[in-house]
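These notes are about the structure you will find just below.
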Amino acid sequence: MRSRPLTKAVVPAAGLGTRFLPATKASPKEMLPVVDKPAIQYVVEEAVRAGLTDLLFITGRGKRTLEDHFDRMWELESALEAKGDDKRLAMVRESADLADVHYIRQGEPLGLGHAVLCAAAHVGDQPFAVLLGDDLIDERDPLLTPMIEAQAEHGGSVVALMEVPPEQVSLYGCAAVDGTGDVVRVTGLVEKPEPDEAPSNLAVIGRYVLSPSVFEELRHTKPGRGGEIQLTDALQGLIATEPMHGVVFRGRRYDTGDRSDYLKAVVQLAVERPDIGPEFLTWLTTFVGSRT
Ligand code: G1P
Numbered sequence: 388m389r390s391r392p393l394t395k396a397v398v399p400a401a402g403l404g405t406r407f408l409p410a411t412k413a414s415p416k417e418m419l420p421v422v423d424k425p426a427i428q429y430v431v432e433e434a435v436r437a438g439l440t441d442l443l444f445i446t447g448r449g450k451r452t453l454e455d456h457f458d459r460m461w462e463l464e465s466a467l468e469a470k471g472d473d474k475r476l477a478m479v480r481e482s483a484d485l486a487d488v489h490y491i492r493q494g495e496p497l498g499l500g501h502a503v504l505c506a507a508a509h510v511g512d513q514p515f516a517v518l519l520g521d522d523l524i525d526e527r528d529p530l531l532t533p534m535i536e537a538q539a540e541h542g543g544s545v546v547a548l549m550e551v552p553p554e555q556v557s558l559y560g561c562a563a564v565d566g567t568g569d570v571v572r573v574t575g576l577v578e579k580p581e582p583d584e585a586p587s588n589l590a591v592i593g594r595y596v597l598s599p600s601v602f603e604e605l606r607h608t609k610p611g612r613g614g615e616i617q618l619t620d621a622l623q624g625l626i627a628t629e630p631m632h633g634v635v636f637r638g639r640r641y642d643t644g645d646r647s648d649y650l651k652a653v654v655q656l657a658v659e660r661p662d663i664g665p666e667f668l669t670w671l672t673t674f675v676g677s678r679t
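First residue of the sequence shown: 388, per my numbering; consecutive thereafter.
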């Protein structure tokens, strides 16, 4: 077992969000609302539930509203206080009190691997988690906690894997694995392979618990797919020297990475909400009925 608990998480958030233009021209894609919360807040809440209380966002130009969101907002708080609106006041304060949040800017968008490398000085020599903002994991289906446990047991690094239809593997990092069950040994990783070159239909989804050795590996990782420094390539490099495992996730995951998936995520999460869900579902059922 590790001596110190794992508390640090890195959240890359420097992407330009081009798939959501023009909405993301002047505001970050991480702040797009999923029902009534910015997408990124779901990710932060997931990290905090798993005991990760030190969060480092890797940001870039145009991400100020993200920083504001996880900070106090005195004017709004005073106005809500004066009105006696305790419910909304608690809501506004909640996002500022969730975790100990830090920021570093990536400068140039050189890829996910490069974004993670920007965290080296902050993370130091302990294992740490990486959470990608496009993937939302249902809070009823734990993923990070079993990953942290697997890392404590086996050492090295742990990636989150999910079975996807073979035609979708080219959208993800893809793993070659040994074994079956919930925790498997990863023997190879390839970034966005063509379906006929994919080693399996196990895709890497956006959760990682990484050994700090990944930083040294990233320093030597050449640009790969798309000319970017890929985290997947660095992890493939680590397999030769350190254990690498995959936790196979079979729970509910909502992708907010493109417009259609984002809309599906909003609808699914809205239906689940106790406050607006029942009324929304009634409307949705009638709406769908009228279209078929
Ligand atoms: C990134 C990673 C990829 C991973 C995916 C998960 O790709 O490079 O290996 O499978 O996240 O969402 P992106 O979606 O940023 O293109």
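Cβ atoms here follow ideal geometry from the backbone N, Cα and C, with glycine treated the same way.
Within the segment 544-579, the runs of beta strand (DSSP E) at least 3 residues long that lie entirely inside it are, in chain order, 544-550, 560-565, 570-578. Straight-line spacing of the CA atoms in Gly498 and Pro610 works out to 8 Å.
Of Phe674, Ser414, Arg391, the smallest CA-CA separation from Asp512 is found for Arg391. Val591 has its Cβ nearer than 7 Å to a heavy atom of ligand 1. Taking each of Thr608, Ala486, Glu432, Tyr595 in turn and checking the Cα distance to Ala516, the smallest one comes out for Tyr595. The beta-carbon separation of Gly560 and Thr619, rounded to 4 Å, stays under the 8 Å limit for a contact. If one requires a minimum length of 3 residues, the beta strand (DSSP E) runs lying completely within the segment 588-613 are 589-597, in chain order. Judged by DSSP secondary structure, Met631 falls within the beta strand (DSSP E) whose first and last residues are 631-635. In this structure Leu589 touches Val564 by the C-beta definition: roughly 6 Å separates them, less than 8 Å. In terms of side-chain proximity, the C-beta atom of Asp521 is found nearer than 7 Å to a non-hydrogen atom of ligand 1.
The way I'd put it, the segment 612-628 does touch the segment 576-587; three or more beta-carbon pairs between them come closer than 8 Å. When the beta-carbon positions are compared, Ala437 and Ile535 come within less than 8 Å of each other.
Taken from the Cβ of Gln538, every heavy atom of ligand 1 lies 7 Å or farther away. By the neighbour-count definition (other C-beta atoms within 10 Å, threshold 16), Lys412 is an exposed residue. Check the Cα spacing between Met418 and each of Arg640, Leu439, Asp521: the tightest is with Asp521. Put simply, the backbone Cα of Ser557 is about 5 Å away from that of Glu581. If the five residues before and after Ser482 are omitted, its C-beta is found closer than 7 Å to the C-beta atoms of Gln428, His456, Phe457, all from its own chain and listed in chain order. Take Pro630, set aside five residues on each side of it, and the residues of its chain with a beta-carbon closer than 6 Å to its own are His541, Gly542, Gly543, in chain order. Set against 7 Å, the gap from the CB of Gly560 to the closest heavy atom of ligand 1 is smaller.
According to DSSP, residue pairing for Ile445 in a beta bridge involves Pro399, Ile491.
Ranked by Cα distance from Ile491, the first of Gln538, Asp484, Lys651, Ala506 is Ala506.
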